[in-house]
Amino acid sequence: MEYVILVRHGESMTNRSGILSREMNKYGLTDNGIEQAKFTAYQLKSMNFDMIISSPVLRARETARIIANETNLKLKIDDRAIESDFGQYEGMHINEIPMKPREELGMETFESQQARMIDLIDSYNGRCIIVSHAFPIRAAISYYLNMDEQESFGIEIRYASMSAIDVKNKRILSIGSLLITDRIKKRFS
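Numbering (this note's numbering), first residue to last: 4 to 192.
So, in structure tokens, the structure goes:
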């Protein structure tokens, strides 16, 4: 890829309920999440992209469809953009999960998420939008910033936010932004 914008899905029922889940078809966007995705789509509408790639999870697919409709882009589902694997904690409330490292809990590691997201980015050409989830997006951003998991904890990836990366030059252009600046728009023109 030359440039990528990583978009987190809009607010979903998992977010509102405090549940961790990567279930494919259970938790869709809330009404607020739909509006967030529409606002993001509006931000991206005037920019030039080759395609939009989405996680197969419902909340990401719904966000990606909204963006694809607004931008007239072809939508491709790619499993590498999927939510983190929560192991035995799938479907549990976040307060029920022990405060231990992901590896000790049997969850997908930070390194695994980072590797699959970078593999995803490196396997496409041109300028793309990838709709994914907070953990995998944070892992991808951390790769370009040369940060480990603990160093990345301060990176906030808000609902329907956009993180722009100049992949060719390995430069982060924005992190978790709700608005696209003119400087970034020029790179996608």
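The beta-carbon is built from N, C-alpha and C at its ideal position, and this holds for glycine as well. Quantities reported herein were computed from a predicted structural model and do not represent experimental measurements.
Which residues mark the beginning and the end of the beta strand (DSSP E) in which residue i is found?
i: R130; result: R130 to S135
i: S49; result: Here S49 belongs to no beta strand (DSSP E), and DSSP marks it neither H nor E.
i: A173; result: In the sequence as presented, Ala is not what sits at residue 173; that position holds Lys. Counting along the chain, K173 falls outside any beta strand (DSSP E), and DSSP gives it neither H nor E.
i: L78; result: L78 to I80
How big is the Cα-Cα spacing for residue i and residue j?
i: S57; j: E5; result: 18 Å
i: C131; j: S155; result: 24 Å
i: I70; j: I8; result: 12 Å
i: N18; j: E26; result: 13 Å
i: F52; j: V134; result: 13 Å
i: D185; j: L148; result: 23 Å
i: T112; j: E38; result: 32 Å
i: L76; j: F42; result: 16 Å
Assuming residue i and residue j are in contact, meaning their beta carbons sit under 8 Å apart, how far apart are those beta carbons, in whole angstroms?
i: F191; j: M50; result: 4 Å
i: T74; j: L47; result: 6 Å
Can you give me the Cβ contacts of residue i inside the same chain, cut-off strictly under 6 Å, excluding the 5 residues immediately before and after it?
i: G36; result: G13, E14 and S15
i: S145; result: S155
i: R64; result: S57
Can you name, in chain order, every residue of its own chain whose Cβ lies under 7 Å from the Cβ of residue i, other than the five neighbours on each side?
i: Q116; result: S87, F138, P139 and A142
i: S126; result: none
i: A67; result: I55, S57, L78 and V134
i: Q91; result: G109
Grab the span of the alpha helix (DSSP H) containing residue i for me, first residue to last.
i: M16; result: M16 to S20
i: I124; result: F113 to D125
i: K189; result: D185 to R190
i: R11; result: First-last for R11: Y6 to R11, but that is the beta strand (DSSP E), not the alpha helix (DSSP H).
i: L181; result: That residue, L181, is in no alpha helix (DSSP H); it is neither H nor E in DSSP.
Under a CB-based cut-off of 7 Å, is residue i close to chain C?
i: C131; result: Absent from the structure is chain C; it holds one protein chain and no more.
Would you call the region 57–71 and the region 84–104 touching, i.e. three or more CB-CB distances under 8 Å?
yes
Hey, is the region 150–165 in contact with the region 178–188, meaning 3+ C-beta pairs nearer than 8 Å?
yes
So, do the region 91–108 and the region 160–173 have three or more beta carbon pairs nearer to each other than 8 Å?
no
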